[in-house]
Amino acid sequence: MRLLGASAPERIWAMGNLDLLARPLLALFCSSRCPGATILKTYDVVRSLRDSGVTVISGFHSPMEKECLRLLVRGPQPIVICPARSIESMRIPSEWRTPLAAGRLLILSPFETKHPRVTAETAQYRNRFAAALADRILIPHAAPGSRTEAFMREVEGWGKRVVAADHLLGGSPNLMR
């Protein structure tokens, strides 16, 4: 949390297995619109992450991120989901219940009850929060001039290893090295 400096949350709400935070974490972020070739390659990479047992952390908010979560919840690997809102009165989606009960899902939020809805500001803060917790960052697509591209540059400035689309299209790298 030191990467967030003065904007680090004072309190974090959690539901699930907190031990997952002791594992190396790979954060996943993607622009809302994604080229077809990148979508297909991202599916392959996420299946590989799932099969390798890599713990993925994300807000799973953009369409591509949601598809990645759909693939991940079917596997045995741990997942950390960071909603961009309070989780105090959140209804748990049915597809999250089995991994939550199995101890391989953690839902984390830096937002208190007064943030019941996702906003652009809470989504931006949530992304920084998840990236600060992660060891590595995977960004399959950051549209030119997008908030995702600006966020990618910010995280690179933190000294985090960021793997972007051009690396994905060249092969399936070991993302946790």
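Each residue of the sequence shown is one higher than the one before, counting from 93 in this note's numbering.
Here a beta-carbon is modelled for each residue, glycine too, at the ideal position from N, C-alpha and C.
| field | Outcome for THR147 when other beta-carbon atoms lying within 10 angstroms are tallied against a minimum of 16 | value | Here residue 147 refers to the residue found at position 55 of the sequence shown. When all chains shown are included, THR147 counts as buried.
| message | I'd like to confirm the pairing. Which residues does DSSP put opposite TRP105 in its beta bridges? | response | Position 13 of the sequence shown holds residue 105. Answer is SER201, bridged to TRP105.
| task | Measure the C-alpha to C-alpha separation of LEU161 and LEU200 and round it to an integer number of angstroms. | result | Against the sequence shown, residue 161 aligns to sequence position 69. Against the sequence shown, residue 200 aligns to sequence position 108. C-alpha separation (whole angstroms): 15 Å.
| query | Between LEU198 and ALA106, which are expected to be in contact by the criterion C-beta below 8 Å, what is the C-beta distance as a whole number of angstroms? | reply | Residue numbering aside, residue 198 sits at position 106 when the sequence shown is read from its first letter. Residue numbering aside, residue 106 sits at position 14 when the sequence shown is read from its first letter. Going by Cβ atoms, the distance from LEU198 to ALA106 rounds to 6 Å, so yes, they are a contact pair.
| field | Strand pairing of ARG228, partner residues [DSSP] | value | For the purposes of this step, residue 228 is taken as the residue at position 136 of the sequence shown. LEU118 and ARG253, per the DSSP bridge assignment.
| query | If you compare alpha carbons, which of ASP111, ARG177, VAL172 and SER154 is closest to GLU213? | reply | As a first step, residue 213 is located in the sequence shown; it is residue number 121 there, counting from the start. With distances taken between Cα atoms, GLU213 lies closest to ARG177.
| query | Is the distance from the Cβ of GLU180 to the Cβ of THR211 below 8 Å? | reply | What you label residue 180 is simply residue 88 of the sequence shown in a count that begins at 1. What you label residue 211 is simply residue 119 of the sequence shown in a count that begins at 1. Going by C-beta atoms, GLU180 is not nearer than 8 Å to THR211.
| field | Neighbourhood of ARG209 by C-beta distance below 8 Å, restricted to the same chain and skipping five residues each side | value | Start at 1 with the first residue of the sequence shown, and residue 209 comes out as number 117. Once the five neighbours on either side are set aside, the close Cβ partners of ARG209 are ARG177.
| field | Own chain partners of ASN219 with C-beta closer than 7 Å, once the 5 adjacent residues on each side are dropped | value | Position 127 of the sequence shown holds residue 219. The residues are PHE121, GLY151 and PHE243.
| request: Go ahead and pull the three-state DSSP assignment for THR211. | output: On the sequence shown, position 119 is the one that residue 211 refers to. Residue state, collapsed to three classes: coil.
| query | Mind checking if PHE221 is an interface residue toward chain C, Cβ cutoff 8 Å exclusive? | reply | Included in the structure is just one protein chain, with no chain C present.
| field | Helix, strand or coil at ILE184 according to DSSP, with G and I counted as helix | value | Walking along the sequence shown from the start, residue 184 turns up at place 92. The answer is coil: DSSP assigns ILE184 none of H, G, I, E or B.
| When you compare only the Cα positions, how much space is there between LEU95 and ILE171? | What you label residue 95 is simply residue 3 of the sequence shown in a count that begins at 1. What you label residue 171 is simply residue 79 of the sequence shown in a count that begins at 1. If I take the Cα positions, the gap works out to 22 Å.
| query | Between VAL138 and MET156, what straight-line distance do the alpha-carbon atoms span, to the nearest angstrom? | reply | In the sequence shown, counting from the first residue as 1, residue 138 sits at position 46. In the sequence shown, counting from the first residue as 1, residue 156 sits at position 64. Spanning the two alpha carbons is a distance of roughly 11 Å.
| request: Using only alpha-carbon positions, find the residue among PRO202, ARG245, LYS133 and TRP250 that is nearest to GLU102. | output: In the sequence shown, counting from the first residue as 1, residue 102 sits at position 10. Cα-wise, what sits closest to GLU102 is PRO202.
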